[in-house]
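Asks: The structure follows.
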Amino acid sequence: MSALEDAVTVVVASMDRREELLASLPRHLEQGLGVLLVDNGSRDGTVDAVRAALPQVEVVPLPANRGAAARTLGVQRASTRYVAFADDDSWWAPGSLERAVELLDAHPRAGLLTARILVGEAERPDPFNDVLAAAPLGTEPDLPGPSTLGFIACAAVVRRSAFLAVGGFDDVVVFPGEEERVALDLARDGWGSAYVPELVVHHHPKRSASRDTDVRRRTRITRSALLTALMRRPWPVVAARAARAWRAGGPERAALLPALRDAPRALRARRVVPAPLEAVARSLGQ
């Protein structure tokens, strides 16, 4: 095992994206990275295809779709001190994870680093890059970049111990929008999160039959925001998010019923963040 493989594992969770995985996973293997794929109950032959074509990849097949919680299972399975997440249609640029390991080793309070995302063949900067680069929370002296209270999973590398200590991605939110609760919990427990633009992730999303429609994705994101508020935010924030979804109508209003169905599970996990952290979240418009 190389020094890099000993330090960081790339964890990918996927379902029914065989062709995307066969194209993206080799990009990590070529860099000498260890890769762990958690398969969310694929029915397109993903498990057999990856095992046959890429025997270096550790494949963990699940009997059913666990959503983002599958990533948490991957982190639990990994033995390295750091874990980088990737989607089936994304990969870390060469050298980025070596640098991430150096930075995390040098900044022991850093629990999560977020990379710059370049989208598609044209390598268009993701708009989220500018949000993070604006550094509304400033830059703390013991972190390697501007402080953040949010991230996109496929562009994040985490300290394994910190991620698992806050429970990782959960079975309540599922996917998408799973990042908000983790970001809040890391901050609550004193871990720093930072944007480091010298770290780069390539993201090449493609339209396919297995992907959500834009309408369904809006519903699912709204559902996730409502359930995260139930788990971590004061009641006025919960009420405001529900009211906003109702007023928006359409896909956003459609999220209220599935959120209500899952509310008991969210309430069992409710642990409101401290007032100073809540003030930071509100300052960011969250």
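Counting in my numbering, the final residue of the sequence shown is number 286, and the numbers go up one at a time with none missing.
Glycine residues also receive a C-beta, built at the ideal position from the N, C-alpha and C atoms.
How about Val75 and Phe151: do their beta carbons lie closer than 7 angstroms?
Replies: no
Asks: Could you check whether Pro176 and Arg220 sit closer than 7 angstroms to each other, using their CB atoms as the reference points?
Replies: yes
Asks: So, are the CB atoms of Ser147 and Leu132 less than 7 angstroms apart?
Replies: In this structure, Ser147 sits away from Leu132, with a CB-CB distance that is not shorter than 7 angstroms.
Asks: Once DSSP output is grouped into helix, strand and coil, what is the label at Pro197?
Replies: strand
Asks: Starting from Ala93, follow the beta strand (DSSP E) in both directions and report where the run begins and ends.
Replies: Unbroken run through Ala93: none, as it is neither H nor E.
Asks: For Asp39, which of Ala49, Gly167, Gly32 has the nearest alpha-carbon?
Replies: Ala49
Asks: Measure the alpha-carbon distance for Leu257 versus Arg270 and round it to whole angstroms.
Replies: 19 angstroms
Asks: Once DSSP output is grouped into helix, strand and coil, what is the label at Val47?
Replies: helix
Asks: Pull up the distance between the alpha-carbon of His203 and that of Ala239, whole angstroms please.
Replies: 35 angstroms
Asks: Below 8 angstroms on the Cβ atoms is my guess for Asp126 versus Val119; work out the distance and round it to an integer in Å.
Replies: 5 angstroms
Asks: Between which two residues does the alpha helix (DSSP H) harbouring Glu179 extend?
Replies: 179 to 188
Asks: Looking at C-alpha atoms only, which residue of Val196, Gln286, Gly67 is the closest neighbour of Ala13?
Replies: Gly67
Asks: Within this structure, are the beta carbons of Val35 and Leu25 separated by less than 7 angstroms?
Replies: Val35 places its beta carbon less than 7 angstroms from that of Leu25.
Asks: DSSP beta-bridge partners for Ala84?
Replies: Val10, Val157
Asks: Please name the residue in Arg109, Ala122, Phe169, Ala275 whose C-alpha comes closest to that of Pro287.
Replies: Past the boundaries of the shown model lies residue 287; the chain is included only from 1 to 286, so the question cannot be answered.
Asks: Note the first and the last residue of the continuous beta strand (DSSP E) segment covering Arg228.
Replies: Looking at the sequence shown, residue 228 is not Arg but Thr. Looking at the DSSP string, Thr228 is not in any beta strand (DSSP E); the run it does join, the alpha helix (DSSP H), is 214 to 232.
Asks: Taking C-beta to C-beta, are Leu62 and Gly45 nearer than 7 angstroms?
Replies: no
Asks: Quick one: Cα of Tyr195 to Cα of Thr80, how far?
Replies: 22 angstroms
Asks: Distance, Cα to Cα, Ala288 vs Ala225?
Replies: Here the chain has residues from 1 to 286 only, and residue 288 is not among them.
Asks: Please list, in chain order, all residues of the same chain as Arg241 whose beta carbon is under 6 angstroms from its beta carbon, the five residues on each side excluded.
Replies: Ala225, Leu226, Ala229
Asks: Rounded to whole angstroms, what is the Cα-Cα separation between Ala187 and Val174?
Replies: Near 21 angstroms, if we compare the C-alpha coordinates of Val174 and Ala187.
Asks: Determine the direct distance from the alpha carbon of Val10 to that of His28, and round the result to whole angstroms.
Replies: 8 angstroms
Asks: Would DSSP call Val168 helix, strand or coil?
Replies: The sequence shown places Gly at residue 168, not Val. In this structure, Gly168 counts as coil in the three-state DSSP scheme.
Asks: Compare the beta carbon distance of Val101 and Ala155 with 7 angstroms and say whether it is the shorter of the two.
Replies: no
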